[in-house]
Amino acid sequence: MNFDDVILGRRSIRGYLKKPVPKALVREVLEIAMRAPTSLNTQPWNFYVVAGDVLDRIRKGNVERNLAGVPHSREFRMGPGYEGAHRERQIGIAKQLFAAMGIAREDKVARDDWVLRGFRQFDAPVSIVITYDKSIQGSDIAPFDCGGVVNCIVNTAWSRGLGCVINSQGIMQSPVVRAEAGIPDDQVIQTCIAMGWPDDSFPANAVVSTRKSVDEAAVFRGFPD
Ligand SMILES: Cc1cc2nc3c(=O)[nH]c(=O)nc-3n(C[C@H](O)[C@H](O)[C@H](O)COP(=O)(O)O)c2cc1C
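Here the sequence shown is numbered in UniProt numbering, starting from 1 and rising by one per residue.
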């Protein structure tokens, strides 16, 4: 696949075939994605790649804790809730996904089920938990650098036929993830990526999210035009 096809074709995948992903292929994806640039070439990321029984125990723990109302315990600041254009975009993608899945606005059961799917990491066969060293926690640079490699992972995976969704829901119950994935206390959990072979019959996988225009995002100055 050429670069533009990967970037323009990739979309978040939330339904997976029940087909394992070879460990060697995940290694290959990581090897390429780790060419991502980082501040001072610090490469602060670490990856805890989980599958099989380990991932199933994480899903189970996530779901049980959420159903029991255990407060979320993300290991990063959330800032204020989204408002204005950000909130509109958040609602926009939710509407697209619910429309694709045939979930009506008033159908609380189906909506709750969708949320739980997220906590189950959409039943993907693989999850990559991205962490960085606690010794550098406090600077915004390490999370920024982790974002860079995460973007490379999802695009590299796509170039090899694998689908992903970056999945904050998967690490909201961080003690479960930490215990089952064997993440030591000197690591900060940043996010996780659900990964697997896309199920093309899963309606939400066809959703193409919108983007604001370059004119809305970019200011150009000093160009001759
Ligand atoms: C940091 C981050 C966290 C995300 N967390 C979730 C999540 O918890 N659940 C989910 O369904 N999608 C999640 N997503 C996927 C976004 O909803 C998705 O990337 C966005 O709507 C754009 O769609 P696209 O990836 O198909 O282009 C997350 C994406 C990012 C970058």
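Beta carbons: idealized from backbone N, C-alpha and C, even for Gly. Since we're looking at a predicted model, the values are computed, not measured.
#1: Assuming residue 73 and residue 174 make a contact with CB atoms under 8 Å, what is their CB distance in whole Å?
#2: Beta-carbon within less than 7 Å of residue 155's beta-carbon, same chain only, minus the 5 sequence neighbours each way: which residues are those?
#3: Pop quiz: residue 194 and residue 76 are said to be a contact at Cβ under 8 Å. What is the actual Cβ separation, rounded to whole angstroms?
#4: Return yes when the Cβ of residue 163 is within less than 8 Å of the Cβ of residue 16, no when it is not.
#5: Given residue 207, which residues of its chain have a CB within under 7 Å of its CB, disregarding the five upstream and five downstream residues?
#6: Helix, strand or coil for residue 219? Go by DSSP, reduced to three states.
#7: Does the contact criterion of 3 or more C-beta pairs under 8 Å hold for the segment 55–72 versus the segment 113–131?
#8: Spatial neighbours of residue 132 within its chain, please: C-beta separation below 8 Å, excluding the five flanking residues on both sides.
#9: Where residue 109 and residue 115 are concerned, what is the direct C-alpha to C-alpha distance, given to the nearest angstrom?
#10: Are the Cβ atoms of residue 165 and residue 58 separated by less than 8 Å?
#11: Helix, strand or coil for residue 101, going by three-state DSSP, please let me know.
#12: Could you name the residues of the same chain whose beta carbon sits closer than 6 Å to that of residue 55, not counting the 5 residues immediately before and after it, in chain order?
#13: Between residue 112 and residue 204, what straight-line distance do the alpha-carbon atoms span, to the nearest angstrom?
#14: Using a threshold of 7 Å, is the CB atom of residue 14 nearer than that to any non-hydrogen atom of ligand 1?
Reading it off the structure:
#1: 5 Å
#2: 6, 7 and 10
#3: Their Cβ separation, rounded to whole angstroms, is 19 Å, which puts residue 194 and residue 76 out of contact at 8 Å.
#4: yes
#5: 11, 96, 97 and 100
#6: coil
#7: yes
#8: 44, 45, 46, 142, 143, 145, 146, 187, 188 and 190
#9: 10 Å
#10: no
#11: helix
#12: 127
#13: 16 Å
#14: yes
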